[in-house]
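These notes are about the structure you will find just below.
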Amino acid sequence: MNPISETTAISIRGLTVEYGLGRRLFGRSKTVKAVDEVSLDILKGESFGLVGESGCGKSTLGKAIARLIDPSAGTILYEGRDLTTLSSRAMRSERKNMQMIFQDPYASLNPRMTVGASIGEPLQAFGMSDRKAMAASVGRLLEDVGLNAKLATRYPHEFSGGQRQRVGIARALAAEPAFIVADEPISALDVSIQAQILNLLKRLQAERDLTYLFISHDLRAVRYIADRVAVMYLGRIVELGDAREVYGGPLMPYTQALLSAIPVADPVIEAKRERIVLKGDVPSAVDPPSGCRFHTRCPYAVPDCSTVTPQLVEIKPRHYAACIRISSEHPQIS
Ligand code: ADP
Ligand code: MG
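In terms of our numbering, the sequence shown opens at residue 95 and continues consecutively.
Laid out in structure tokens, this is it:
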């Protein structure tokens, strides 16, 4: 991949994350490569969307970037510093800069702590000690995410799902991070609430100059929020580009299939629309297909697809795809 000339916040090269499956076969423990040699750059101030079917490795990639899990290979440069080789003390101070928002805010909120205490915890961890100043900061954070400051004394179970996600966002903001990984932040919410949370994330990004890695299996949510988007399939990035390009002219058959599964609001168009239906389920990540991992489900696969591993190459300006049947000269498979 070409180096990107705009300011890069995070630069990932050859990132691989393996999970041990805990059982030993013939003396060797089996592993699953949830993320397989991923390289990408996230630019400062952008909202970078990561999409793909469940189980393709999105959360694993997000957690590895936020350094909540250790990669088995590769580098993660954050503003030039390699996070994979930092000591745990140095990492603690980096952690302030990168926070995570989860699908289930319960994951980051202690049910036995008031939400005020939960939001205040990172403030304390990063050096704030004055109680009054802390209460004021917590109140401001609650108001910033659209909640009444008085709610600080309540417990998570007293909140609705949408409010709880707002609290999760306030907690993530408390450390004043520059970079936020939002992993399916709206997937557990009612559809009516989803747009509110997306708008909140957008507003906060503009107000605070945040860089987002926005992870979702919901392509519509990603289209709404992302400047650029990467499509993942079985641990690999298969397409990457400006969101407008990827949504407007997807190159990969996989991306085309994902997009064709999004319902269109207009019932007349919806009825006439051609849909690309993928054959079968996502293959197991434990024993992924050789060559292009999508070849077992691809309507355009040729024999070479099962032996040659396609590289992510720039097909159109800033628009990359990993398919041996696609090139700059022939961006469309015929
Ligand atoms: P996604 O977020 O896209 O749904 P994940 O990153 O959660 O995907 O999972 C990617 C792959 O790694 C899947 O095959 C999943 O079963 C496996 N996996 C995820 N977490 C673990 C774990 N803690 N131990 C073993 N395998 C895991
Ligand atoms: Mg996930």
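Note that the Cβ used here is the ideal one computed from N, Cα and C, for glycine as well.
Using DSSP bridges, identify the partner residues of residue i.
i: Ile106; result: Leu134, Ile170
i: His424; result: Its beta-bridge partners do not exist; DSSP assigns none.
i: Gly221; result: In the DSSP output, where bridge partners are listed per residue, Gly221 has none listed.
i: Arg175; result: Tyr172
i: Leu345; result: None, per the DSSP bridge assignment.
i: Glu112; result: Lys127
i: Val323; result: Gly143, Gly335
Name the residue from the options whose alpha carbon lies nearest to the alpha carbon of residue i.
i: Arg391; options: Ala266, Cys417, Gly374; result: Gly374
i: Pro397; options: Pro383, Ile409, Leu372, Val407; result: Pro383
i: Phe166; options: Gln405, Val407, Arg107, Leu345; result: Note that residue 166 corresponds to Ser in the displayed sequence, not to Phe. Nearest of Gln405, Val407, Arg107, Leu345 to Ser166, Cα basis: Arg107.
i: Ser310; options: Asp130, Gly151, Lys124, Asp135; result: Gly151
i: Ala315; options: Glu131, Asp130, Gly146; result: Gly146
i: Leu155; options: Asp238, Ile331, Pro250, Met228; result: Ile331
i: Glu173; options: Phe196, Gln350, Gly214, Ser105; result: Ser105
i: Tyr327; options: Leu283, Ile427, Gln193, Pro404; result: Pro404
i: Leu241; options: Ala219, Cys399, Val261, Thr247; result: Val261
i: Ile159; options: Met228, Met194, Thr401, Leu283; result: Met194
i: Gly214; options: Thr247, Ile420, Arg183; result: Thr247
i: Arg369; options: Ala243, Pro347, Gln197, Leu307; result: Pro347
i: Lys138; options: Gln257, Gly168, Ala272, Lys124; result: Ala272
Following the continuous beta strand (DSSP E) through residue i, name the residue where it begins and the one where it ends.
i: Leu155; result: From DSSP, Leu155 is part of no beta strand (DSSP E) but of the alpha helix (DSSP H) over 152-159.
i: Gln405; result: Neither: Gln405 is in no beta strand (DSSP E) and is coded neither H nor E.
i: Gln193; result: 192-195
i: Glu333; result: 330-336
i: His413; result: 413-415
Could you pull the start and end residues of the alpha helix (DSSP H) that residue i belongs to?
i: Arg186; result: 182-189
Using 8 angstroms as the limit for Cβ to Cβ distance, is residue i near chain B?
i: Ala289; result: Going by chain labels, chain B is absent from the structure shown, which holds only one protein chain.
- Message: So, does the stretch 97-116 touch the stretch 287-301, judging by three or more C-beta pairs under 8 angstroms?
- Response: no
- Task: Starting from the N-terminal side, write out each stretch of the beta strand (DSSP E) that is 3 residues or longer and does not extend beyond the stretch 248-321.
- Result: 273-277, 305-309
- Item | Touching by the beta-carbon criterion (3+ pairs, under 8 angstroms), the stretch 401-419 and the stretch 335-349 | yes
- Evaluate contact between the stretch 178-190 and the stretch 199-207, counting only Cβ atoms and requiring at least three cross-stretch pairs below 8 angstroms. no
- Query: Touching or not, the stretch 263-282 and the stretch 230-245, by the rule of three or more beta carbon pairs under 8 angstroms?
  - Reply: yes
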